[in-house]
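Numbering (my numbering), first residue to last: 1 to 450.
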């Protein structure tokens, strides 16, 4: 019996087991720290020279996440005690170890810049051009993490007693004028979801609320859980598991409000590449379907009934049913006319009513009849179920960020610095993924040569 030797895949777990100096080199080789370094460049040639090695400080701040060093204080102690670690971070023998205050000032400067967003985009485009981001399916989800800030007690508003009876014409006109004024003063994310369809990407990206707020969600037992902090919204490729787009928001913002900004960001980065988007039931809104269809992608989202009665002649997946209430079988999709074709159920072969005029052989339903109900792949089909299972990739990435990349360990107060922490964590995760893919490619080439 022949033995087939299979090559084991090199993953993130193997990367963490590598020698520290080799691991740091592999990760830092995936990007250039110069854009961050330029933030600390002297504006003029006059005055005393810089005494701190900002390039090494930036690298040590990134390595802190990989090494799972919990605080900046622990990082400074490690740099002081471990000489080899100091050299691995890029410090020279003659350099002094920076203080905690120096790191605090550096974090403050970085939090006021959007340079990490640009570096993240460049990293994703690098992975795409090198052929590591070839999958065409995206999974979307949100994860929560707590803030470092203390929660502020909410002010109790005095409720005015409602006047009984119908409003007079003058009161109704005043109420309508008040509603119009309130809508005009709403921020971008307070408006209705469909308003985001016409708002440009830069506005959606810059005006998202990032201050810590109380959030609520149901756990696996169906009970409400609360936290004070933020939400991280991710768009993850389902096979390669790169974070293609990410955005942080306040903890009280609905997950659905960030779907359209992420979709627009994906289309801006890699236009016309991804074909399928996979969401959970919390994203079942018509505006999201419109955005997905405008980008010529398919939507895989569970349907949520909202005050709807039973549809007579259709099953739970909106497939037509025969006289005996057997569901028609999904047959095919006509891409030209955007039409779903359903054929007779298998039970019709032995049904005495098969020749009756009430029993129709074929049903063709256009998707534009109701873009939420009729999607391709059709609801309830094997392809739909198979694609929806791929959404677990984004949940796996959420677990990676919390267990291996310190997403839960926010050490800075205010929303801006928490956003910097979130951006650093997701950026380093993508850098590790790219480093792993490059090592895997090198191992494959070596095996072929051997």
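Virtual Cβ for every residue (Gly too), placed ideally from N, Cα, C.
Nearest to residue 130 by alpha-carbon distance, out of 442, 278, 204, is 442. The beta-bridge partner set that DSSP reports for residue 330 consists of 342. Scanning 421, 368, 367, 347 for the CA closest to the CA of residue 359 turns up 347. The straight-line gap separating the alpha-carbon atoms of residue 208 and residue 249 is approximately 6 Å. The straight-line gap separating the alpha-carbon atoms of residue 71 and residue 251 is approximately 23 Å. Counting every other CB atom within 10 Å of its CB across the protein chains shown gives residue 67 a total of 16 or more, marking it as buried. C-alpha of residue 171 to C-alpha of residue 218: approximately 40 Å in a straight line. Under the DSSP definition of a beta bridge, residue 224 partners with 218. In the DSSP assignment, residue 246 forms a beta bridge with 234.
The beta carbons of residue 426 and residue 120 sit closer together than 8 Å. The beta carbon of residue 123 sits closer than 8 Å to those of 30, 31, 427, 430, 431, 434, all from its chain and outside the five residues before and after it, given in chain order. When only Cα atoms are considered, residue 269 and residue 329 end up about 38 Å apart. Between the segment 192-206 and the segment 257-271 there are three or more inter-stretch CB-CB distances shorter than 8 Å, so the stretches are counted as touching.
A Cβ-Cβ contact shorter than 8 Å links residue 145 with residue 230. Membership of residue 278 in the beta strand (DSSP E) is indicated by the continuous run 276-278. Straight-line measurement puts the Cα of residue 80 at about 16 Å from the Cα of residue 58. Secondary structure at residue 133: coil, using DSSP grouped into helix, strand and coil. In terms of Cβ geometry, residue 339 and residue 300 do not form a close pair [threshold 8 Å]. Cβ-Cβ distances below 8 Å link residue 91 to 53, 56, 60, 79, 97 in the same chain, with the five nearest sequence neighbours on each side left out; the list follows chain order.
Just so you know, the alpha carbons of residue 244 and residue 234 end up roughly 8 Å apart. The residues 199, 203, 204, 207, in chain order, have a CB closer than 7 Å to that of residue 188 in the same chain once the five nearest residues on each side in sequence are set aside.
Relative to the Cα of residue 154, the nearest Cα in the group 168, 184, 186, 214 belongs to 214.
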